[in-house]
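Asks: If you're matching them up, the sequences are chains A and B in order. Per our numbering, residue 44 is the first one in the first sequence, and the count goes up by one each step. Per our numbering, residue 44 is the first one in the second sequence, and the count goes up by one each step. Note that CB positions come from ideal geometry on N, CA and C, so glycine has one too.
Number of protein chains: 2
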Amino acid sequence: MGNNNDRRQPRLEDVAALAKVSHQTVSRVINNHPNVSTGTKSRVEAAIAELGYRRNTAARSLVTRRTQTIGVLASELGQYGPANTLLGVQQAAREAGYFVSIAAIKGAAAKAICDAVRHLTDQGADGLIVIVPHDGTLQVLEDLNLDLPVIVVGGAGEGRLSGAMVDQKLGARLAVAHLISLGHERIGHVSGPLDWVDGKARVDGWREELAEAGLSDELLVEGDWSADSGYRIGQQLAEQRSATAVFVSNDQMALGLLRAFGEKGIRVPEDVSVVGFDDQPESAYFMPPLTTVRQDFEELGKRCMDLIRAQVEGDAASGALVVKPALVVRASTAPRPRLS
Amino acid sequence: MGNNNDRRQPRLEDVAALAKVSHQTVSRVINNHPNVSTGTKSRVEAAIAELGYRRNTAARSLVTRRTQTIGVLASELGQYGPANTLLGVQQAAREAGYFVSIAAIKGAAAKAICDAVRHLTDQGADGLIVIVPHDGTLQVLEDLNLDLPVIVVGGAGEGRLSGAMVDQKLGARLAVAHLISLGHERIGHVSGPLDWVDGKARVDGWREELAEAGLSDELLVEGDWSADSGYRIGQQLAEQRSATAVFVSNDQMALGLLRAFGEKGIRVPEDVSVVGFDDQPESAYFMPPLTTVRQDFEELGKRCMDLIRAQVEGDAASGALVVKPALVVRASTAPRPRLS
DNA sequence: TGGACTATGGTTAGCGCTAACAGGAGCCGG
DNA sequence: CCGGCTCCTGTTAGCGCTAACCATAGTCCA
Chain A
44 MGNNNDRRQP RLEDVAALAK VSHQTVSRVI NNHPNVSTGT KSRVEAAIAE
94 LGYRRNTAAR SLVTRRTQTI GVLASELGQY GPANTLLGVQ QAAREAGYFV
144 SIAAIKGAAA KAICDAVRHL TDQGADGLIV IVPHDGTLQV LEDLNLDLPV
194 IVVGGAGEGR LSGAMVDQKL GARLAVAHLI SLGHERIGHV SGPLDWVDGK
244 ARVDGWREEL AEAGLSDELL VEGDWSADSG YRIGQQLAEQ RSATAVFVSN
294 DQMALGLLRA FGEKGIRVPE DVSVVGFDDQ PESAYFMPPL TTVRQDFEEL
344 GKRCMDLIRA QVEGDAASGA LVVKPALVVR ASTAPRPRLS
Chain B
44 MGNNNDRRQP RLEDVAALAK VSHQTVSRVI NNHPNVSTGT KSRVEAAIAE
94 LGYRRNTAAR SLVTRRTQTI GVLASELGQY GPANTLLGVQ QAAREAGYFV
144 SIAAIKGAAA KAICDAVRHL TDQGADGLIV IVPHDGTLQV LEDLNLDLPV
194 IVVGGAGEGR LSGAMVDQKL GARLAVAHLI SLGHERIGHV SGPLDWVDGK
244 ARVDGWREEL AEAGLSDELL VEGDWSADSG YRIGQQLAEQ RSATAVFVSN
294 DQMALGLLRA FGEKGIRVPE DVSVVGFDDQ PESAYFMPPL TTVRQDFEEL
344 GKRCMDLIRA QVEGDAASGA LVVKPALVVR ASTAPRPRLS
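(1) Could you check if Q111 (chain B) is buried or exposed, using at least 16 other CB atoms within 10 Å of its CB as the buried criterion?
(2) Please check if any C-beta of chain B sits within less than 8 Å of the C-beta of I91 (chain A).
(3) So with CB distances below 7 Å, who are the chain B contacts of T110 (chain A)?
(4) Quick one: using the 10 Å Cβ neighbour count with 16 as the cut-off for buried, is P77 (chain B) buried or exposed?
(5) What's the C-alpha gap between Q52 (chain A) and D190 (chain B)?
(6) If you run the structure through DSSP and keep just helix, strand and coil, what is N48 (chain A)?
(7) In the structure shown, what three-state DSSP assignment does V315 (chain A) receive?
(8) Sorted by chain position, which residues of the same chain lie with C-beta nearer than 8 Å to L343 (chain B)'s C-beta, five sequence neighbours on each side aside?
(9) Within the same chain, show all residues whose beta-carbon is closer than 8 Å to that of A254 (chain A), passing over the 5 residues directly before and after it, in chain order.
(10) Between the C-alpha atoms of A353 (chain B) and G214 (chain B), what's the straight-line distance to the nearest angstrom?
(11) Measure the CB-CB distance between L280 (chain B) and E325 (chain A) and report whether it falls below 8 Å.
(12) So, with DSSP's three-state summary, where would you put G231 (chain A)?
(13) First and last residue of the beta strand (DSSP E) that includes T112 (chain B)?
(14) My understanding is that W268 (chain A) touches G308 (chain A), with C-beta atoms under 8 Å, so please give their C-beta distance in whole angstroms.
(15) What's the gap between the Cα of Y123 (chain A) and the Cα of G273 (chain B)?
(16) Among the residues of its own chain, which have a CB less than 7 Å from the CB of L409 (chain B), if the five just before and after it don't count?
(17) So for M296 (chain B), helix, strand or coil by DSSP?
(18) Since I156 (chain A) contacts V183 (chain A) with CB under 8 Å, what's their CB separation in whole angstroms?
(19) Taking M330 (chain B) as the query, report the chain A residues whose CB atoms sit under 7 Å from its CB, ordered along the chain.
(20) Quick check on S144 (chain A): does DSSP put it in helix, strand or coil?
(21) What residues of chain A sit near G142 (chain B), judged by a beta carbon separation below 7 Å?
(22) Out of A:L301, A:S65, A:V264, A:V371, which one is the CA nearest neighbour of D322 (chain A)?
(23) Taking L263 (chain A) as the reference, which of A:G231, A:Q133, A:N99 has the closest Cα?
(24) Which residue wins for smallest C-alpha separation from T100 (chain B), given the options A:N99, A:R97, A:S104?
(25) If I measure Cβ to Cβ from Y141 (chain A) and keep anything under 6 Å in the same chain, skipping five residues before and after, which residues do I get?
(26) Would you say W239 (chain B) and D294 (chain B) are within 8 Å of each other, going by their C-beta atoms?
(27) Can you tell me which of A:E138, A:D241, A:G248, A:L222 puts its alpha carbon nearest to the alpha carbon of T334 (chain A)?
(28) Since N74 (chain A) meets chain B, which of its residues come closer than 7 Å, beta carbon to beta carbon?
(29) In chain order, what residues of the same chain have a beta carbon less than 6 Å from the beta carbon of A220 (chain A), not counting five sequence neighbours either side?
(30) Can you give me the Cβ contacts of V233 (chain B) inside the same chain, cut-off strictly under 7 Å, excluding the 5 residues immediately before and after it?
(31) Please identify the residue among B:E56, B:A152, B:V336 whose C-alpha is closest to the C-alpha of A90 (chain B).
(32) Per DSSP, which residues does E265 (chain B) bridge with? Please list them.
(33) Checking contacts by CB at 8 Å: is R137 (chain A) closer than that to chain B?
(34) Between which two residues does the alpha helix (DSSP H) holding M348 (chain A) run?
(35) Given a threshold of 16 other Cβ atoms within 10 Å of its Cβ, counted over all protein chains shown, does N47 (chain B) qualify as buried or as exposed?
(36) From the DSSP output, which residues share a beta bridge with L370 (chain B)?
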């Protein structure tokens, strides 16, 4: 009785009283200020431990004008890439003592982006990481003219906003070079939507590699990333039989393609070689196991977090940041068939 | 000159000055308090719009002791289910004016869970949604004895913590009932890890449905959710040839199974029927298209958010909440083969 | 020996907001 | 015509913390 064990949460004041110092000294200990004698420091630390004191984030934010929160704006969070990028961001953030707040949107309408950004800034996010791989995103964000660090994943880092990306063009070139090295000369491409940054970059990579080898880049069909679109395009390609190899812009569409080919009696890789993009965990178990391009999304997320932290803390200038992809060869590619 | 356009952010005080009222009146307008005359209200609203005023969350949290933040603790965020549950939570949260902060962990070690929970509570989360589908999770959380609302996804709602889940047992029974209705009598099960709540529930459903039909539940093999484990188990099953139908506990393992059967010359569904669980978007494009059980994760997430909001705001008691799954019949199931 | 400097720790103000109370205007019945 | 309502608005305090300043004692050099 008479004690105040039932007080909601201990405050600096409580710790100070127990350690017989002023609340400010406790604050100094917590924030690792110099000029606190070791004796005092350990007394304070003991008091903190005894009371189970935890600093109140709201109070701290109010006075420092920092929330230690990074906002992540993401569309398509259900997809492999974005989800894993978020994972990487979150891990790096927690290690650095930051919180991660998310805002998920569907599609990439300017209004949706603005609403989500506002939601995050309302919370007082110190910085923003944007994982919205559509073309217009960069413009929308620049127009918003935010006064906090922003990193656009997939962005190239032009303008005031920083970017971070896996080198899509390189990935595409690796895929196509692999097919060329197997002797293929008619190499088609099933692209993602061309208003997606990544989709376009992969098309460019495909084109460039073909151009350097003096091959034709006529065979281009646009998909929508879904297995369904891959399936339908695969049916078309099966009837045309115009290519001996197809570079598909993601693994899901490649899955659809594989099924369409299977139904039409086209053997992969004996008749046609197929290369995907992403290297989702399932891709090794497609029929046949898919040759594809691996992107390290988690690494990307980590690097994003490092970059934005540097910006928030004023340690470094803005810039762009590129992660390298790698080709993973499995069983869906083979040398060009001799006859046709 | 002389104006203060460059002030960082307008405060209540600034709005009040412009509208010629006290800051408290502005606060009343913002919080929709009654007893503000319509004239004053519209004057204040005009001032808010003119200055582009936005309430400071930290200051508000400090005094109300509410952060309007829900913490989501998730493992396996790279997987389809958890990612989409998070999506649903986030959407419902934003609509309700809540923020969502995440903490992702790998595995489900007690220490990892504690650290993550502490991270979230340090931020002052008003409530917690836990998406960690391992067995021990519930116990760890109960031991932590948190004094905020917690919802455990996949939990059954025993004890002080609320739960929310898709009815896994029902889903499993739907799958097995479907196979039984096709005349199958030897129905195997490739389960998920048995220390996962969902994995165990599906085993139970499989057993119960078989028992009611008077069939044997001998054929049980434990996988680890990965396509890889499905593949290896598929190879074993192919050699045994002891079942005419297999209920697989998720779509990814089913994919591995399909490939193993394909390699061994076992036709699906002519020789063996296969049913999956989850209905990932790709499952319709497996070879053959997979009959599976659909779980509406987004709906689950939304309901979680509603439930926790009710608890945070004191509107309702705790409880458990169940979402119904549905069978999706595609081409991987067929009547039992006559011979064999 | 005194002035200046350093190491340490205390005191005060205020971040931007809401809760609690105070006060004044208008209205009614007795 | 006054007490006691209701409706609206203003005043004050304080949430828990950090920044800025202040006070004291010890130290060193001229």
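Replies: With the structure as the only source:
(1) Translated into positions along the second sequence, residue 111 (chain B) becomes position 68. So Q111 (chain B) ends up on the buried side.
(2) By one-based count along the first sequence, residue 91 (chain A) stands at place 48. Not one chain B Cβ lies under 8 Å of I91 (chain A).
(3) Against the first sequence, residue 110 (chain A) aligns to sequence position 67. Here the neighbours are A101.
(4) Within the second sequence, residue 77 (chain B) is the residue found at index 34, counting from 1. Exposed: under 16 other Cβ atoms inside 10 Å.
(5) Here residue 52 (chain A) corresponds to residue number 9 of the first sequence, with the count starting at 1. Here residue 190 (chain B) corresponds to residue number 147 of the second sequence, with the count starting at 1. Distance between the alpha carbons of Q52 (chain A) and D190 (chain B) is about 11 Å.
(6) The count along the first sequence starts at 1 and reaches residue 48 (chain A) at position 5. Summary for N48 (chain A): the model assigns pLDDT 45, below 50, so the residue's position carries little reliability, and this model does not support an answer.
(7) Looking up residue 315 (chain A) in the first sequence gives position 272. Of the three classes helix, strand and coil, the one that applies to V315 (chain A) here is coil, per DSSP.
(8) Taking the first residue of the second sequence as position 1, residue 343 (chain B) is located at position 300. Excluding residues within five positions, the ones whose Cβ falls inside 8 Å are T128, G131, V196, A207, M208, V209, V366.
(9) Here residue 254 (chain A) refers to the residue found at position 211 when the first sequence is read from its first residue. Contacts found: D260.
(10) Translated into the one-based positions of the second sequence, residue 353 (chain B) becomes position 310. Translated into the one-based positions of the second sequence, residue 214 (chain B) becomes position 171. Approximately 28 Å, taken between the alpha carbons.
(11) Stepping through the second sequence from its first residue, residue 280 (chain B) is reached at position 237. Stepping through the first sequence from its first residue, residue 325 (chain A) is reached at position 282. Cβ distance not < 8 Å, so L280 (chain B) and E325 (chain A) don't count as in contact.
(12) Locating residue 231 (chain A) in the first sequence gives position 188, where the first residue counts as 1. If DSSP states are grouped into helix, strand and coil, G231 (chain A) belongs with the strands.
(13) As a working note, residue 112 (chain B) is residue 69 in the second sequence. First-last of the beta strand (DSSP E) with T112 (chain B): 112-118.
(14) Here the question's residue 268 (chain A) lines up with position 225 in the first sequence. Here the question's residue 308 (chain A) lines up with position 265 in the first sequence. Incorrect: roughly 26 Å between the Cβ atoms, too far for contact.
(15) Along the first sequence, one-based indexing puts residue 123 (chain A) at 80. Along the second sequence, one-based indexing puts residue 273 (chain B) at 230. Cα to Cα, the separation comes out at about 20 Å.
(16) Within the shown structure, residues of chain B are numbered from 44 to 383, placing residue 409 (chain B) beyond reach of any answer.
(17) Translated into the one-based positions of the second sequence, residue 296 (chain B) becomes position 253. The answer is helix: DSSP assigns M296 (chain B) an H, G or I state.
(18) Along the first sequence, one-based indexing puts residue 156 (chain A) at 113. Along the first sequence, one-based indexing puts residue 183 (chain A) at 140. Between V183 (chain A) and I156 (chain A) the Cβ distance is about 5 Å, and since that is below 8 Å, they are a contact.
(19) Against the second sequence, residue 330 (chain B) aligns to sequence position 287. Near M330 (chain B) (Cβ distances below 7 Å), the residues of chain A are R302, G305, M330.
(20) Numbered from 1 along the first sequence, position 101 holds the residue referred to as residue 144 (chain A). It is a strand residue.
(21) As a working note, residue 142 (chain B) is residue 99 in the second sequence. Strictly speaking, residue 142 (chain B) in this sequence is Phe, with Gly absent from that position. Under the 7 Å cutoff, chain A gives S144, Q166.
(22) Translated into positions along the first sequence, residue 322 (chain A) becomes position 279. Among A:L301, A:S65, A:V264, A:V371, the Cα nearest to that of D322 (chain A) is on A:V371.
(23) Numbered from its first residue, the first sequence carries residue 263 (chain A) at position 220. For the residues A:G231, A:Q133, A:N99, the minimum Cα distance to L263 (chain A) belongs to A:G231.
(24) Position 57 of the second sequence, counted from the first residue, corresponds to residue 100 (chain B). Comparing Cα-Cα distances from T100 (chain B) to each of A:N99, A:R97, A:S104, the minimum goes to A:S104.
(25) Residue 141 (chain A) sits at position 98 when you count from the first residue of the first sequence. Excluding sequence neighbours, Y141 (chain A) sits near Q111, I113.
(26) Residue 239 (chain B) sits at position 196 when you count from the first residue of the second sequence. Residue 294 (chain B) sits at position 251 when you count from the first residue of the second sequence. No, they are not a contact pair.
(27) Counting from 1 along the first sequence, the entry for residue 334 (chain A) is found at position 291. The option with the nearest alpha carbon to T334 (chain A) is A:L222.
(28) Here residue 74 (chain A) is taken as the residue at index 31 of the first sequence, counted from 1. Those do not exist, as N74 (chain A) stays about 15 Å from chain B at its closest Cβ, beyond 7 Å.
(29) Taking the first residue of the first sequence as 1, we reach residue 220 (chain A) at position 177. Here the set comprises E252.
(30) Counted from its first residue, the second sequence places residue 233 (chain B) at position 190. Only V264, G266, G273, I276, V289, V291, S292, M296, L300 meet the Cβ criterion.
(31) Taking the first residue of the second sequence as position 1, residue 90 (chain B) is located at position 47. The shortest C-alpha separation from A90 (chain B) is found at B:E56.
(32) One-based indexing of the second sequence puts residue 265 (chain B) at position 222. E265 (chain B) is bridged to B:S234.
(33) In the first sequence, counting from the first residue as 1, residue 137 (chain A) sits at position 94. Closer than 8 Å: yes.
(34) Counted from its first residue, the first sequence places residue 348 (chain A) at position 305. It spans 340-355 - the alpha helix (DSSP H) in which M348 (chain A) sits, taken as one unbroken run.
(35) As a working note, residue 47 (chain B) is residue 4 in the second sequence. The pLDDT assigned to N47 (chain B) is 42, lower than 50, so where the model puts this residue is not dependable; a value taken from the coordinates is nonetheless given after this. Exposed, because fewer than 16 other Cβ atoms sit within 10 Å of the Cβ of N47 (chain B).
(36) The residue given as residue 370 (chain B) occupies position 327 in the second sequence. Beta-bridge pairing links L370 (chain B) to B:V336.
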